[in-house]
Structures are given as structure tokens and as C-alpha cells.
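For reference, the structure discussed in these notes is given below.
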Amino acid sequence: MPNVQPSVISRPTPETQPGPGLPARWGYSAYAAACWQQRLARLNGLWDQLTTPRLPVLIACPSLAALWGRLATLASSHLLPLAAATALTATLLVSPSAARADEPFQPSVEFRINNFTNGVQSRPSVARDAAGNFVVAWQTANQDGSGSAIYRHRLNTGGAFFPGGPNLVNTFTTNDQSRPSVAMDTDGDFVVVWDSYGQDGGVTGVYGQRYNTAGVPQGSEFRANNHTTGNQDFAKVALDADGDFVVAWESYLQDGSGDGVYARRYNAAGVAQGNEFRVNTTTTSDQAKPSLALDAAGNFVVVWQSSGQDGSNAGIYGQRYTAAGVAQGSEFRVNTTTANGQIFPSVAMDSDGDFVVVWQSFEQDGSGYGVYVQRYNAAGAPQGAEFRANTYTSGSQRNPSVAMDADGDFVVVWQSFGQDGDEYGVYGQAFRASGAPLGSEFQVNTYTTEAQLLPQVSMDADGDFVVVWQSYGQDGSQEGVYARRYTAQSMSSVYIPLVLKN
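Everything in the sequence shown is counted per the working numbering, starting at 7 for the first residue and increasing by one.
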């Protein structure tokens with residue numbers, strides 16, 4: 007049995023490179039002095055010496071390229087062949103994954119986004135680029151001189167505001183512009199969409215504005231909906247890696263029966279790729295509250311709630327599409343449990359097209375609403391059974407939002423009644439791509455007086471994320487918009503002297 011004593015904990019040195027076939031967040035150091043050719047040395051006991059469970063032990067050797075594949079799947083011990091029958095001294099670099107199991111993320115302090123504090127600033131939306139810079143859009147009352155308006159503020163990866171903000175998004179200011187949604191591509195170009203009352207000649211229409219990485223408007227605001235009779239609202243937007251985007255919304259009576267879900271595709275220059283199209287196949291009663299997500303190549307999925315379709319109140323349904331807007335398969339039901347109502351879905355997708363859907367389900371956890379999750383691979387096949395995200399089940403946990411990193415790890419946030427001691431508070435839970443919990447359920451808001459509501463979350467490719475929400479009374483005047491950043495724990499490298507004997 008090897009005698010293992012951790013010696014030095016430090017960041018990876020410049021010569022540390024990703025191991026072949028392993029995630030980039032893992033590292034290895036090559037020590038040319040030792041190459042192993044025969045077997046016999048079990049590394050049992052190493053695992054008990056380390057603080058993080060199931061760390062990979064990475065030993066680089068040019069002649070053992072095939073060993074990397076076995077190390078990537080990792081058991082609790084591993085056989086290593088030795089070069090000779092004599093004792094061999096070597097140095098191992100043990101690299102944990104990006105986060106400790108007990109404290110997977112390092113939070114910032116919570117901070118206010120809006121600087122205008124009169125009245126109500128609410129319904130925030132957030133998006134993040136590959137570098138971790140992010141933008142928050144929200145609805146504010148009476149700031150533009152006529153009803154509610156949409157504002158946005160850009161922040162860098164450290165949470166510092168870029169100069170010149172916040173900025174008014176909507177050009178048309180008559181009546182109300184409300185319920186913003188924002189999405190960002192990998193370079194930091196972004197699009198904001200919102201509902202605008204009376205602008206398209208009907209009741210409510212869906213409008214948008216594009217921005218480059220510097221926050222400069224690209225072209226004029228544009229209308230997404232072709233059909234203008236009645237209400238087109240509850241708009242959502244998502245972008246792919248290159249800036250192509252899709253807008254989805256609900257439209258009243260356009261499909262002949264209540265609300266229906268419609269969408270429209272755009273290229274990165276903001277040119278519509280055809281007209282709007284109906285997403286839902288079933289049109290009886292209401293199909294509403296869409297959410298959508300795109301992978302790096304532009305393939306996308308739209309999810310929504312549908313009244314009565316699963317035989318019991320409302321259920322969650324989805325439809326997958328190629329980047330060209332071609333439907334993939336039929337619409338599908340997401341929720342397995344159908345009793346009572348399953349409503350308010352949110353969806354996130356990784357760069358390869360794997361996706362996860364979350365929603366709130368009434369009385370499934372025994373007390374009010376709870377938050378549930380279903381994972382899918384890129385082909386749309388369910389991965390495992392639906393499961394509950396929230397650990398705390400008293401009262402209601404509702405209004406979930408989900409975000410995903412490039413590897414498929416994801417985080418879910420929601421509002422929970424009474425858990426922080428005073429009305430609603432914001433909570434979250436991180437998960438591995440496998441659906442295994444990463445750490446415990448955590449409280450996001452530190453200010454707990456009155457209600458903290460309507461959380462939204464965005465995650466970058468590396469797994470860092472930001473949560474935004476509205477908080478009552480915290481800024482001194484009704485609702486304000488607040489945020490908190492979470493950084494995945496930095497990879498540390500544990501250098502371990504090890505003596506191996508045949």
C-alpha cells in the first residue's frame with residue numbers, strides 16, 4: 007500500500023495541460039523520469055487522504071495513452087504497472103474538479119442593479135457570455151415618462167458595472183413596455199425582447215433590440231410577431247454561439263382556441279429567417295408561458311404549459327427543432343406526474359444540445375408547489391426519471407429558472423415561501439450533468455425582509471453563474487432588482503510524493 011501524504015496545495019503551473027480525453031478543468035503534469043510498464047501497485051488509501059470525494063488521480067506517461075480512458079471513468083482504486091521490481095519514487099498531481107462537494111461555489115455579496123429607485127423595478131432577466139460578462143434587463147415604472155419601460159445594465163465578470171448605464175432599451179415609450187427577456191452569445195452580443203402595449207395596432211406585441219459586445223444598439227427596435235390581432239406577449243429569446251437567435255411568445259386566439267405558442271428565427275444580423283410559426287401541435291384550450299434554449303449550432307427546443315392536454319389541469323410540453331427551424335419528432339410531454347397542475351417551465355441547453363426542463367408542480371411534494379426537473383439528451387430522449395429540485399418542501403417553491411454550462415452541469419433557482427423567515431426568499435440547487443446534486447440547497451438572498459421574488463439565472467461555459475431577482479423595500483421604494491454572482495471553486499493541484507513498490 008503506498009504511503010500518501012499531501013504536501014503542497016497550489017494552482018496549476020504553466021506546464022500543466024489538460025489530459026487527453028479529459029475535461030479541460032482537470033490537469034496533469036508529465037514527469038519523464040518515470041514510465042510504468044508492468045503492473046502491481048494499488049492506490050487504495052489515496053482516496054481517504056483527500057478532502058474531495060472521487061478525485062481523479064492523473065499520472066502522465068507517454069507510453070500509457072490508453073490509461074487516460076480508464077482514468078476518466080475512475081473507480082475508487084486503480085492499477086498502475088511498474089517499470090521494474092525495485093522501488094520507484096514519483097510525484098503525482100491530483101487535480102480536483104472545479105468545485106468541492108460541500109462548497110461548490112463561492113458567492114459574492116448581493117448587490118443592487120437599478121440606480122433609479124422610485125417606484126417599482128421588477129421582472130429582471132439576465133444573460134452571460136463565455137467570458138463571464140453579463141447583462142441584466144428589467145421593467146421599471148415611470149422612468150421613461152410613460153408607464154413601464156425596459157432598462158438594461160452591463161457588468162463585467164467581476165460584477166463591476168460598465169460605464170454609461172443603465173440604459174433605456176425601448177424606443178417607443180407610449181404606454182407600457184414590460185416583461186423583458188435577454189440572451190447573449192459567446193462574444194457578448196445580446197438581444198432584449200419585451201411586450202409592448204398598443205404599438206402594433208392590436209393590444210400587445212413583441213418587440214426586440216439587438217446590441218453588440220460594447221452595448222451599442224444594432225439597428226432599430228423590431229417587431230417579432232406577424233400576427234397583430236389581440237395579445238402577443240410573454241416573449242422569450244435565446245441565442246446560439248454565433249448570435250443567431252429565436253424569439254418565442256404566446257398569442258391569443260391565433261390558433262383558434264385560447265393561447266398558442268409561436269416563434270420566429272433570426273440570423274446574427276437581425277434578419278428574420280422566414281415568418282413566425284406555430285410551435286404547439288395541440289391547440290385545444292391554452293398553450294402558454296413558453297421558454298426556449300439553443301445549443302452552440304442553433305438547434306433549439308421550446309417548452310410551454312398546456313391546459314388539459316395531459317388529462318389533469320396543466321402539463322408541460324416541448325418541441326425540438328434544427329437550426330433551420332425543422333421540427334424534430336413530435337411535441338412531447340415533459341412531466342411524468344400529471345395530478346393537479348404543472349406550470350411555468352424553464353429550459354436550458356448545453357453546447358451539444360443536451361437539455362434540462364424545470365417546472366413547478368402542485369402538491370407533488372406534499373405541500374403547495376414544488377420544483378421538478380427532467381433531463382434529456384441531444385436526441386430528445388429522457389435521461390432518468392423526473393426528480394424534485396427543492397429539499398425544503400414546506401409551503402410553496404415556485405417560479406423556477408434553470409441554466410446550464412458547456413459540460414451539461416446545471417443550476418436551478420426558485421422562490422420559496424417562509425424558508426428565510428419572512429415571506430418569499432430565493433433558493434437554488436446545483437447539479438452535475440448526471441442529475442446528481444452538487445452540494446446542498448442554498449439561500450441566494452441575504453436581505454430577507456419582505457419578499458424576494460421571480461429569480462432568473464444565467465451560467466457561463468465554465469459553470470460560473472449569476473442570479474437576479476426583485477426585492478420588496480430593499481432599495482427604499484417598493485421593488486428593486488438585485489443580483490449575486492457565484493464562482494465555481496478554483497481548481498487546486500495537490501502534489502503528492504509517492505513511493506511505489508512491486
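Glycine included, every Cβ here is placed at the ideal spot set by N, Cα and C.
Taking 9 Å as the cut-off, the beta carbon of Tyr-323 is found no closer than this to the beta carbon of Gln-334.
By the neighbour-count criterion, in which a residue is buried when 16 or more other Cβ atoms sit within 10 angstroms of its Cβ, Ser-257 is buried. With 16 or more neighbouring CB atoms inside 10 Å of its own CB, Val-252 falls in the buried class. About 6 Å separates the beta carbon of Val-379 from that of Glu-392, a gap short enough to meet the 8 Å contact definition. In the DSSP assignment, Thr-493 falls within the unbroken beta strand (DSSP E) covering 485–494. With contact defined as three or more Cβ pairs closer than 8 Å, the segment 240–255 and the segment 265–275 are in contact. In the DSSP assignment, Gln-476 falls within the beta strand (DSSP E) that extends over 471–478. Counting C-beta atoms within 10 angstroms of its own C-beta, Gly-469 has 16 or more neighbours from the protein chains shown and is therefore classed as buried. Distance between Thr-288 and Ser-318, taken at the CA atoms: about 15 Å. In this chain, the beta strand (DSSP E) harbouring His-159 covers 154–161.
Residue pairing by DSSP leaves Asp-248 without any beta bridge partner. Collapsing the DSSP output to three states places Pro-110 in coil. For Glu-256, the beta-bridge partners assigned by DSSP are Asp-239 and Val-267.
The residue among Val-277, Gly-264 and Ala-303 with its C-alpha nearest the C-alpha of Ala-294 is Gly-264. Thr-455 and His-233 have their C-alpha atoms roughly 43 Å apart.
Taking the CA atoms as reference points, Met-190 sits about 4 Å from Phe-196. Judged by DSSP in its simplified three-state form, Glu-447 adopts strand. Rounded to the nearest whole angstrom, the CA to CA distance from Phe-448 to Phe-111 is 10 Å. When the beta-carbon positions are compared, Gln-145 and Ser-184 come within less than 9 Å of each other. In chain order, Gln-311, Ser-312, Ser-313, Gly-347, Gln-348 and Ile-349 place their CB closer than 7 Å to the CB of Ala-320, counting only its own chain and leaving out the 5 sequence neighbours on each side.
Boundaries of the beta strand (DSSP E) around Glu-227: 223–229. Taken through DSSP and simplified to helix, strand or coil, Val-463 comes out as strand. About 6 Å separates the CB atoms of Asn-231 and Gly-211; that is less than 8 Å, so the two are in contact. Between Thr-219 and Gly-194 a beta carbon distance of about 4 Å is seen, short of the 8 Å cut, so the two are scored as contacting. Pairing Val-141 with Tyr-217, the inter-Cα distance amounts to about 11 Å. A direct Cα-Cα distance of roughly 14 Å separates Pro-443 from Val-408.
Spanning the alpha carbons of Val-285 and Tyr-430 requires a straight line of approximately 33 Å. Scanning Asp-466, Gln-458, Met-465 and Gln-495 for the CA closest to the CA of Glu-116 turns up Gln-458. Contact check for Gly-280 against Gly-225 fails: the beta carbons are separated by 9 Å or more. Residue nearest to Pro-223 within the set Asn-173, Gly-482, Asp-481 and Val-419 is Asn-173 (criterion: CA-CA distance).
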